[in-house]
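Novice:
Protein chains in written order, with my numbering: chain A, 20 to 199; chain B, 2 to 153.
1. With a threshold of 8 Å between beta-carbons, can residue 91(B) be considered close to chain A, or not?
2. Give, in chain order, every residue of the stretch 27-50 of chain A whose Cβ lies closer than 7 Å to some Cβ of chain B.
3. Cβ closer than 7 Å: which chain B residues qualify as neighbours of residue 160(A)?
4. Just curious, the alpha helix (DSSP H) that residue 79(B) is in, first and last residue?
5. With 8 Å as the limit, tell me which residues of the stretch 58-73 of chain A have their beta carbon closer than that to any beta carbon of chain B; keep them in chain order.
6. Rounded to a whole number of angstroms, what is the C-alpha to C-alpha distance between residue 58(B) and residue 31(A)?
7. Assuming contact is defined by CB atoms lying nearer than 8 Å, are residue 82(B) and residue 35(A) in contact in what I supplied?
8. Among 61(A), 47(A), 88(A), which one has its Cα closest to the Cα of residue 134(A)?
9. When DSSP labels each residue in this structure, what does residue 54(A) get in the three-state scheme?
10. I want to see whether chain B comes within less than 8 Å of residue 191(A), judged by CB atoms only; does it?
11. Please confirm whether residue 83(B) has its beta-carbon closer than 8 Å to some beta-carbon of chain A.
12. Taking only beta-carbon positions, decide if residue 86(B) is within less than 8 Å of chain A.
13. Listing by chain order, which chain B residues have their CB less than 7 Å from the CB of residue 183(A)?
14. Would you list, in chain order, the members of the stretch 61-74 of chain B that have their beta-carbon closer than 7 Å to a beta-carbon of chain A?
15. Assuming residue 73(A) and residue 50(A) are in contact, meaning their beta carbons sit under 8 Å apart, how far apart are those beta carbons, in whole angstroms?
16. Distance cutoff 8 Å, beta carbons only. Does residue 44(B) sit that close to anything in chain A?
17. If we count the other Cβ atoms within 10 Å of its Cβ and call it buried at 16 or more, is residue 85(B) buried or exposed?
18. Tell me, please, whether the CB atom of residue 170(A) is closer than 8 Å to any CB atom in chain B?
19. Using a C-beta cutoff of 8 Å, does residue 165(A) count as contacting chain B?
20. Do the stretch 60-75 of chain B and the stretch 53-71 of chain A meet, that is, are 3 or more Cβ pairs less than 8 Å apart?
21. Would you say the stretch 15-23 of chain B touches the stretch 172-186 of chain A, given that touching needs at least three Cβ pairs under 8 Å?
22. In chain B, which residues lie less than 7 Å from residue 140(A) when you measure between Cβ atoms?
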């Protein structure tokens, strides 16, 4: 049985200019990056632009990539830097104005419900302290392990667990004040 | 409902580990055992799981249009990466041709020596310097016929 090529192998191919390899990277990571940037920026449009820019920066730095670092750490180091570049507008803006919550009058269909939940989540995440927000976003939205987050953020794995736990507690409290 | 105690606190501190399958099996097993026997922590745990499900359900999904936009924007950069890589095989090809030319010239030299004997005018130092000249190890290759005649 042929195992699927690892992210690192695919990245090495993409660094040689392979469109096929790059398409595979996009297939594997576009959703995660979009979720990451949506949580960081608070709105879908900015998240879409940052996701695209992140892929382009990945290619611009592709020649420096060495498979000693896991691909995900490499990719999310770029993503995190991009998010910090947007910091004034997005990542750390506690006073951000997220997308407006759709009201019940907008109808009960699935798409509206998803939009409502998405807007609720944006508000709830923006209400978290930055470190807790980053821990839960990197874990839930980007799908990184605690070890990967620890390497990315520069803290022990236990601290990642504590921050995520605190984020979950605060989100539960937010949900009890403003139900989903 | 009973009042949360220290062991409730320890179990709740491990909710994230339980959700993510992180930490040690022992830590997770202790938390699971506590939740099984504590109604209040069981309720909090169910709320935490529901919250996680809601977070995942609320996450945006990229559209086909967004996927194609990324691929289109990446095309020139990928072309740049390919063209940065391509000169090298071309260089290797040139080296192969030059190496072959050198080897052919050496063969002609040897054949000439064998056919015409080994006159006193040919000194061993000349032959050695020729081989050093065409040897791949020397890193230098004959570029024209003029170089080939140099040792003579």
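Cβ atoms here follow ideal geometry from the backbone N, Cα and C, with glycine treated the same way.
Just so it is clear, the structure is predicted and the values come from calculations on it, not from any experiment.
Specialist: From the atom records:
1. Low local confidence applies: a pLDDT of 49 at residue 91(B) is under 50, so the model's placement there is unreliable, and no value is given.
2. 34, 35, 36, 38, 41, 42, 45, 49, 50
3. Ordered by position in chain B, the residues that pass the 7 Å Cβ test against residue 160(A) are 60.
4. Start and end: 65-86.
5. Only 63, 66, 67, 70, 71 from the stretch 58-73 of chain A bring a Cβ to less than 8 Å from some Cβ of chain B.
6. 33 Å
7. yes
8. 61(A)
9. Annotated three-state conformation of residue 54(A) is helix, per DSSP.
10. yes
11. yes
12. yes
13. Simply 17.
14. 61, 62, 63, 67, 68, 70, 71, 72, 74
15. At roughly 13 Å, the Cβ-Cβ gap does not stay under 8 Å, so residue 73(A) and residue 50(A) are not in contact.
16. So no, residue 44(B) is outside the interface.
17. Residue environment: residue 85(B) is assigned as exposed (fewer than 16 neighbouring CB atoms within 10 Å of its CB, all protein chains considered).
18. no
19. yes
20. yes
21. yes
22. 56, 59
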